[in-house]
Amino acid sequence: MAENSGKDIVVDIGKWEWSELWKKEDWWAIWLGFIILIAGMLVYFPHSGDMKTKINEAQAKYGDAATRTSAIKTIAWYQLSDAKKSVKATGIDAGKWMKNFAKKPHGWTNNPLQAFVMDEELAASKKASAVAKYETKKATEKTTFAAAEMAEAAAEAAGFRDESLNAAAAVAISEWRDAKLFAGKAKAKTKAKPYNQIWWLILLGVFFAFFFGIPMVFMGIPIHKFLIGFIFVFAITVVAWLFSSQATMKHYGIGYAFWAIFIGMLVSNTIGTPKWAMPAVQTEYYIKTGLVLLGAKILFEKIITIGTAGIFVAWVVTPTVWLITYWFGQKIIKMPSKRLNAVICSDMSVCGVSAAIAAASACRAKKEELTLAVGLSLVFTAIMMIVMPAVIKATFPVDKQMILGGAWMGGTIDASGAVAAAGAFLGEKALYVAATIKMIQNVLIGVIAFFLALYFTTRVEVAETGAKVGLSEIWFRFPKFVLGFIAASVIFSLVYSSYNAEAGGLGRAMVDQGAIKGMSDLFRGWFFSLSFVSIGLATNFRELRHHFKGGKPLTLYVFGQSLNLVLTLLMAYIMFYLVFPGLTATI
Amino acid sequence: MNGSTTNTNSSKFRSWGTFLFVAFLVWSFGWVVGPYIKNNIPIYKEIIQIVEERDINSAAYMYEESVGSYDGEYYLRDSFIHSGRDDYGPTKAFFSGMALCFVLLAFGWRYMMDP
Chain L
-2 MAENSGKDIV
8 VDIGKWEWSE
18 LWKKEDWWAI
28 WLGFIILIAG
38 MLVYFPHSGD
48 MKTKINEAQA
58 KYGDAATRTS
68 AIKTIAWYQL
78 SDAKKSVKAT
88 GIDAGKWMKN
98 FAKKPHGWTN
108 NPLQAFVMDE
118 ELAASKKASA
128 VAKYETKKAT
138 EKTTFAAAEM
148 AEAAAEAAGF
158 RDESLNAAAA
168 VAISEWRDAK
178 LFAGKAKAKT
188 KAKPYNQIWW
198 LILLGVFFAF
208 FFGIPMVFMG
218 IPIHKFLIGF
228 IFVFAITVVA
238 WLFSSQATMK
248 HYGIGYAFWA
258 IFIGMLVSNT
268 IGTPKWAMPA
278 VQTEYYIKTG
288 LVLLGAKILF
298 EKIITIGTAG
308 IFVAWVVTPT
318 VWLITYWFGQ
328 KIIKMPSKRL
338 NAVICSDMSV
348 CGVSAAIAAA
358 SACRAKKEEL
368 TLAVGLSLVF
378 TAIMMIVMPA
388 VIKATFPVDK
398 QMILGGAWMG
408 GTIDASGAVA
418 AAGAFLGEKA
428 LYVAATIKMI
438 QNVLIGVIAF
448 FLALYFTTRV
458 EVAETGAKVG
468 LSEIWFRFPK
478 FVLGFIAASV
488 IFSLVYSSYN
498 AEAGGLGRAM
508 VDQGAIKGMS
518 DLFRGWFFSL
528 SFVSIGLATN
538 FRELRHHFKG
548 GKPLTLYVFG
558 QSLNLVLTLL
568 MAYIMFYLVF
578 PGLTATI
Chain E
-13 MNGSTTNTNS
-3 SKFRSWGTFL
7 FVAFLVWSFG
17 WVVGPYIKNN
27 IPIYKEIIQI
37 VEERDINSAA
47 YMYEESVGSY
57 DGEYYLRDSF
67 IHSGRDDYGP
77 TKAFFSGMAL
87 CFVLLAFGWR
97 YMMDP
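Protein chains in written order, with our numbering: chain L, -2 to 584; chain E, -13 to 101.
Printed below as a string of C-alpha cells:
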C-alpha cells in the first residue's frame, strides 16, 4: 500500500480490503485465538451444573459454621474456602488429557532427561522419599489442628468477645493453615508417577505445525516450507523450556522468555539460522495469537478483589509512573526510539514480560526493542526479588510488613512469580496481598495496550509519515489483534461475572480453573515462547548493541523503577493505613 | 579457491567454538556458579527454601502461573465479605480510583506525550 508522492518520500497510504480478513496475520491471530477459546468453552462449560452442585454442597456443609462470627476467621471459614477452591472444571477427564497434551518439560536438577522421561524405579524412589516427608508434615498438621480447635473453642465459649482469646485463636488457626499448606504440598509430591513426555511433545509439535501452518497458505507461504521450518523453531522452543525448568534457573527466576531469546540469538549469531527455517520464524504471528488468549484472562471483576485501597496502588500509581517515565525518556534523556521508551515504561510499571509483549505489539516496536526491554525487566526482577523482602524485614515495623510490604512488592516487582516468591518470604498475608496487587496490575495490560495502539496509530505514525489521516486510514493502521484481545477480555469478564452471580466461586471454577487454565493458558505460554525463539533467530547482535549506546535504556528503567518504588510505597501507606485502616484490618 | 575454503572452515570453526563456549558458560552457571551463590547468600537460601516448600514458580510471568494469586484473590475477597463491612466492593471511592486512572492517561495524552 505504498505510493510514491513524487518528492522521493514514500508515503504509506492505507486502504481497507476485505481480503485482509484471511490474508493478514492480525486477523488470523484473532481467528486462531478464538478457536482455542471457543474450544475451551465447549469442553468445560457444559459441566457448570456439576460444579455448581459441588459448591452448594460445600456451602451447605460449612456455611453456617463459617459465618457464626465475624470477629475471627474460624476453622470452618477456612474449610469452606478450601472446599470451594477445590472445585475446578479442569478436573474432568478432558481437562486432564489437555494438561498432558500441552504440558511443558518437567522440572529437573542434574539430569536433563528427567525433564522428558521418568522410569518406574526413579518414580518409586521419589515417592518413597516424599512419603516420609509427608508423614512428618501430616503429623504437624494434626497437632496444630487440635491446638486450633481448642483455641477456637475457648474463644467461642467467651462468645468471641474476649480479644485476647480471639487473638490466640487467630494465631493457632494461622499456624494450622501453614502446616496444612506444607502438608498439602508434601502430599502432592507423593503422587510421583513415571512419565514419558516425548510422545506428547511430538504430538503437540505436529498440532501446532498445522494449526499455524494452514493459515500460512492463505497468507502466501507454501505449507511444506512452513512445516519444515517449524520443526527447527519448535525444537529450540522445547530446549528453551528445558532450560527454564532446571532447578537453579527456576530459583533465579530465569524463565522461558530469557532462554527462548538467548538460545535463538546464540544460534543466529554463531552457527546461523538455516534459511529453510525462516518461513516458520514468525514472531508477530505467534505473539498476537498468544495475546488474544491473554485477553481472555483479563477479567475485570477481579479488580474488586483487592478493595478500594488496592485500586489506588495498582491503577493510579501505575499510569502515573508510566507517563512520567515516558516523559522523562522523551524530554530529559531523549530516547531515540519512542517505541522502545513505551515498551520499557510498560514492562517496568505494569507487569514485566507480558506487558512488554502487549505494548511492543500494540506500538509495533522492533524485535530488538522488545528483547532489550525484556532483558532489563528480567535482570531487575531477579535483584528486586531478593533485595525487597530483605529491606522490608529489616526496616518496616512488624505490624506493617505483611500488608504494606506485600502491596509495595506487588506494585513494583515486575514478574508475578518473583512477586509470589518475595511475598511468601514475608508470610502468607504478604504473599496474598502482593500477588493480588500484581494480578490487578495485570488487568491494566489491556488498558495500556489499547492506549498505546491508539496513540501510535493516530499521533506518532501520523507525525512520522507527515500525512493527515482520516478514520479509514486509522482503521487500516490500527493493530487489529488488539480488538481480539479486548473482545476476549470483555466476553470472558461477562461470563465470569454471570457464573459468579449464579453461585459464589462458580466463575473461578468454570473460567479461571476451566476454559482459561485448562485450555488457553496451556497454549499461550507455548505461543509466546515460539515468538521469543523467532525473535532470537532473527536478531543480529549488532542491531541490539546500538540500542545500548549511552546507557539510555538502563537510565530510563532505573529512573522509572525508583519513582515506582517511592510512589507505590507512599500510596500504599496512605491508602491502607490512613484512608482505609478499617478495611485493612480485616485482611 | 583453497584460501576461500580455509576461510570458510575457519569461520565455521569460530562459530561453533563460540556456540560451544557460550553453552559451557550456561552449564557452569546452572551447575556451579548459580548453586554456589544461592547456597552462600543466606536470604537467597531462605527464599529458595520457601519457594520449594510452597511449590512457587518464581519464574512465572503472569498471575495464573503463580499459586499465590488465586489463593490470594479468594482469601481477600472472602475476608472482606466475612467482615461484613460496607466499604468493600464497587463503592464510589473504588470507581473514583478507576476513573482517576483514565483521567491520568487522558492528561498524559494531552500534555505529556508528543506525537
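We put the beta carbon where it would ideally sit given N, CA and C, even for glycine. No experiment lies behind these values; they were computed from the predicted model shown.
| request: Mind the definition here: the stretch 383 to 392 of chain L touches the stretch 36 to 43 of chain E only if three or more C-beta pairs lie below 8 Å; say whether that holds. | output: Per the Cβ contact rule, the stretch 383 to 392 of chain L is not in contact with the stretch 36 to 43 of chain E (fewer than 3 Cβ pairs under 8 Å).
| task | Label L/M147 either buried or exposed according to how many other C-beta atoms from any shown protein chain fall within 10 Å of its C-beta, with 16 as the threshold for buried. | result | To locate residue 147 of chain L, count along the first sequence from 1; it is residue 150. With fewer than 16 Cβ atoms within 10 Å of its Cβ, L/M147 is classed as exposed.
| Residues bridged to L/Q243 (per DSSP) | To locate residue 243 of chain L, count along the first sequence from 1; it is residue 246. Under DSSP, L/Q243 takes part in a beta bridge, and its partners are L/W105.
| said: Out of L/G372, L/K186 and L/G156, which one is the CA nearest neighbour of L/M550? | reply: Walking along the first sequence from the start, residue 550 of chain L turns up at place 553. Correcting the residue identity first, residue 550 of chain L is Pro in this sequence and not Met. Ranking L/G372, L/K186 and L/G156 by Cα distance to L/P550 puts L/G372 first.
| task | For my contact list, L/F297 and L/L200 are in at a C-beta cut-off of 8 Å; report their separation, rounded to the angstrom. | result | Position 300 of the first sequence, counted from the start, is the residue given in the question as residue 297 of chain L. Position 203 of the first sequence, counted from the start, is the residue given in the question as residue 200 of chain L. In fact, because the Cβ distance is near 36 Å, the residues do not count as touching under 8 Å.
| field | Amino acids of chain L, ordered along the chain, whose beta-carbon sits closer than 8 Å to that of E/L91 | value | The sequence position of residue 91 of chain E within the second sequence is 105, counting from 1. Correct list: P316, L320, V444 and F448.
| field | Per-residue DSSP class, three states only, for L/E0 | value | In the first sequence, residue 0 of chain L corresponds to position 3, counting from 1. Because the pLDDT of L/E0 is 40, which lies under 50, any placement of that residue in the model is unreliable, and the number read from its coordinates should be weighed accordingly. Three-state result, L/E0: strand.
| task | Please report the residue range of the alpha helix (DSSP H) in which L/T581 lies. | result | Against the first sequence, residue 581 of chain L aligns to sequence position 584. Residues P578 to A582.
| query | How about L/V350 and L/A446: do their beta carbons lie closer than 9 Å? | reply | What you label residue 350 of chain L is simply residue 353 of the first sequence in a count that begins at 1. What you label residue 446 of chain L is simply residue 449 of the first sequence in a count that begins at 1. Cβ atoms of L/V350 and L/A446: not closer than 9 Å.
| said: Between E/S69 and chain L, is the shortest Cβ-Cβ distance under 9 Å, so that the two count as touching? | reply: One-based indexing of the second sequence puts residue 69 of chain E at position 83. Closer than 9 Å: yes.
| query | Quick one: which chain E residues come within Cβ less than 8 Å of L/W94? | reply | The residue given as residue 94 of chain L occupies position 97 in the first sequence. Contact note: L/W94 does not reach chain E at a C-beta cutoff of 8 Å; the least C-beta distance is about 20 Å.
| task | Report, in whole angstroms, the separation of the C-beta atoms of L/Q510 and E/D100, which I expect to be a contact under 8 Å. | result | Residue numbering aside, residue 510 of chain L sits at position 513 when the first sequence is read from its first letter. Residue numbering aside, residue 100 of chain E sits at position 114 when the second sequence is read from its first letter. Here L/Q510 is actually not in contact with E/D100; their C-beta atoms are around 45 Å apart, not less than 8 Å.
| field | Residue of L/C360, L/G104, L/K124 and L/S242 minimising C-alpha distance to L/K184 | value | Reading the first sequence from its first residue, position 187 is the one you call residue 184 of chain L. Ranked by Cα distance from L/K184, the first of L/C360, L/G104, L/K124 and L/S242 is L/K124.
| query | So who's on the other strand from L/N193, going by DSSP bridges? | reply | Reading the first sequence from its first residue, position 196 is the one you call residue 193 of chain L. Bridge partners of L/N193 according to DSSP: L/V114.
| request: Give me the Cβ distance between L/D365 and L/E540, rounded to the nearest whole Å; I'm assuming they're in contact under 8 Å. | output: Taking the first sequence and counting its residues from 1, the one referred to as residue 365 of chain L is at position 368. Taking the first sequence and counting its residues from 1, the one referred to as residue 540 of chain L is at position 543. Contrary to the premise, residue 365 of chain L reads as Glu rather than Asp in this sequence. With 8 Å as the limit, L/E365 and L/E540 qualify as a contact, their Cβ atoms being about 5 Å apart.
| chain L contact for E/F10 (CB, 9 Å cutoff) | What you label residue 10 of chain E is simply residue 24 of the second sequence in a count that begins at 1. Output row for E/F10: interface = no.
| task | Please confirm if L/S241 has its CB atom under 9 Å from at least one CB of chain E. | result | The count along the first sequence starts at 1 and reaches residue 241 of chain L at position 244. Interface residue, yes.
| request: Give the secondary structure of L/V313 by DSSP, where H, G and I count as helix, E and B as strand, and everything else as coil. | output: By 1-based counting over the first sequence, the position of residue 313 of chain L is 316. Coil.
| message | Quick check on DSSP: helix, strand or coil for L/I211? | response | By one-based count along the first sequence, residue 211 of chain L stands at place 214. It is helical.
| message | Can you give me the C-alpha to C-alpha distance between E/D41 and L/G533, rounded to a whole angstrom? | response | Within the second sequence, residue 41 of chain E is the residue found at index 55, counting from 1. Within the first sequence, residue 533 of chain L is the residue found at index 536, counting from 1. The alpha-carbon atoms of E/D41 and L/G533 are separated by roughly 30 Å.
| message | Can you check which of these residues, L/L567, L/I260, L/R158 and L/I220, is closest to L/A237 by C-alpha distance? | response | Here residue 237 of chain L is taken as the residue at index 240 of the first sequence, counted from 1. For the set L/L567, L/I260, L/R158 and L/I220, the Cα lying nearest the Cα of L/A237 is the one of L/I260.
| message | Which runs of the alpha helix (DSSP H) at least 4 residues long sit entirely within the stretch 334 to 408 of chain L? Give them in chain order. | response | Counting whole runs of 4 or more residues, the stretch 334 to 408 of chain L contains the alpha helix (DSSP H) stretches 335 to 343, 350 to 359, 364 to 392 and 395 to 398.
| Taking 9 Å as the CB-CB cut-off, is L/F422 touching chain C? | The question asks about chain C, but that chain is absent: this structure's protein chains are L and E.
| message | Nearer than 8 Å: is that true of the beta carbon of L/H44 relative to any heavy atom of the ligand COA? | response | Within the structure as shown, the ligand COA is missing, as the structure has no ligands at all.
| message | At the level of alpha carbons, what is the spacing between L/G210 and L/Q398? | response | For the purposes of this step, residue 210 of chain L is taken as the residue at position 213 of the first sequence. For the purposes of this step, residue 398 of chain L is taken as the residue at position 401 of the first sequence. Going by the C-alpha atoms only, they are around 51 Å apart.
| message | Since L/V487 and E/C87 should fall inside the 8 Å C-beta cutoff, what is the C-beta to C-beta distance between them, to a whole number of angstroms? | response | By one-based count along the first sequence, residue 487 of chain L stands at place 490. By one-based count along the second sequence, residue 87 of chain E stands at place 101. Between E/C87 and L/V487 the Cβ distance is about 18 Å, and since that is not below 8 Å, they are no contact.
| Helix, strand or coil: which one does DSSP assign to L/D9? | Numbered from 1 along the first sequence, position 12 holds the residue referred to as residue 9 of chain L. Here L/D9 scores only 49 on pLDDT, less than 50, and its place in the model is too uncertain to base an answer on.
| task | Would you kindly check if the distance between the Cβ of L/G502 and the Cβ of L/K70 is under 9 Å? | result | Within the first sequence, residue 70 of chain L is the residue found at index 73, counting from 1. Within the first sequence, residue 502 of chain L is the residue found at index 505, counting from 1. No.
| message | For L/A418, which residues in the same chain have their Cβ closer than 7 Å to its Cβ, ignoring the five residues on either side in sequence? | response | As a first step, residue 418 of chain L must be located in the first sequence, where it is residue number 421. Once the five neighbours on either side are set aside, the close Cβ partners of L/A418 are M382.
| request: Within the same chain, show all residues whose beta-carbon is closer than 8 Å to that of L/K93, passing over the 5 residues directly before and after it, in chain order. | output: As a position in the first sequence, residue 93 of chain L is number 96, starting the count at 1. For L/K93, where only same-chain residues beyond five positions count, the Cβ hits under 8 Å are T87.
| field | Bounding residues of the alpha helix (DSSP H) (the contiguous stretch that carries L/S45) | value | As a first step, residue 45 of chain L must be located in the first sequence, where it is residue number 48. For L/S45, the enclosing alpha helix (DSSP H) covers residues S45 to A63.
| task | Name, please, each residue of chain E whose Cβ falls closer than 8 Å to the Cβ of L/T267. | result | Against the first sequence, residue 267 of chain L aligns to sequence position 270. Using a Cβ-Cβ cut-off of 8 Å, L/T267 is close to S1, W2, T4, F5 and V8 of chain E, given in chain order.
| DSSP three-state assignment for E/E32, whether helix, strand or coil | The residue you call residue 32 of chain E lines up with position 46 of the second sequence. DSSP places E/E32 in helix when its eight states are reduced to three.
| message | Rounded to whole angstroms, what is the Cα-Cα separation between L/L369 and L/A432? | response | For this step, residue 369 of chain L is matched to residue 372 along the first sequence. For this step, residue 432 of chain L is matched to residue 435 along the first sequence. Cα to Cα, L/L369 sits roughly 26 Å from L/A432.
| Cut-off 7 Å between Cβ atoms - residues of its own chain near L/S490, not counting five sequence neighbours on either side | The count along the first sequence starts at 1 and reaches residue 490 of chain L at position 493. Counting only Cβ-Cβ distances below 7 Å, and skipping sequence neighbours, we find L296, F297 and E298.
| 9 Å Cβ cutoff, E/N26 in contact with chain L | By one-based count along the second sequence, residue 26 of chain E stands at place 40. Not an interface residue.
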